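Residue numbers (my numbering): 144 to 279.
Beta carbons are placed, not taken as given, at the ideal position from N, Cα and C, and that holds for glycine.
In this text, all values refer to a predicted model and were calculated from it rather than measured experimentally.
As structure tokens, the structure follows; a few thoughts come after it.
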């Protein structure tokens, strides 16, 4: 799959499709913001995949990540992906970090067992990837 794929749950995909159907219903007049949203939804739906990702230990969007911070031993559990998309599925009861965030950028493409260091407002932090499982 390419980097242009947007992984999402079936529930999130259904909500996006419903929104597009509502906006494009026959006879509906759209303002400029709604027209822009229709374009955005169509582009997003072209890239959408609502299927399970391979369970291969690769950290990438659509994966649920568990990691341990080296400095204090605390663990963090989150999904790497789009908050705006994953937030559409109310069953997703986990934090979401963007692949473009400092944490997301540092770990994207790593495997279970790998370490990554990234900048936070309080300084550098290093973590170890403990698990990377499909979130969908």
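Annotation: the continuous beta strand (DSSP E) that includes residue 277 extends over 266-277. Within its own chain, the residues whose Cβ lies closer than 6 Å to the Cβ of residue 245, once the five positions on either side in sequence are excluded, are 261 and 262, listed in chain order. Within the segment 168-226, the beta strand (DSSP E) runs of at least 3 residues that lie entirely inside it are, in chain order, 206-212 and 218-223. Membership of residue 162 in the alpha helix (DSSP H) is indicated by the continuous run 153-166. Beta-bridge partners assigned by DSSP to residue 262: 267.
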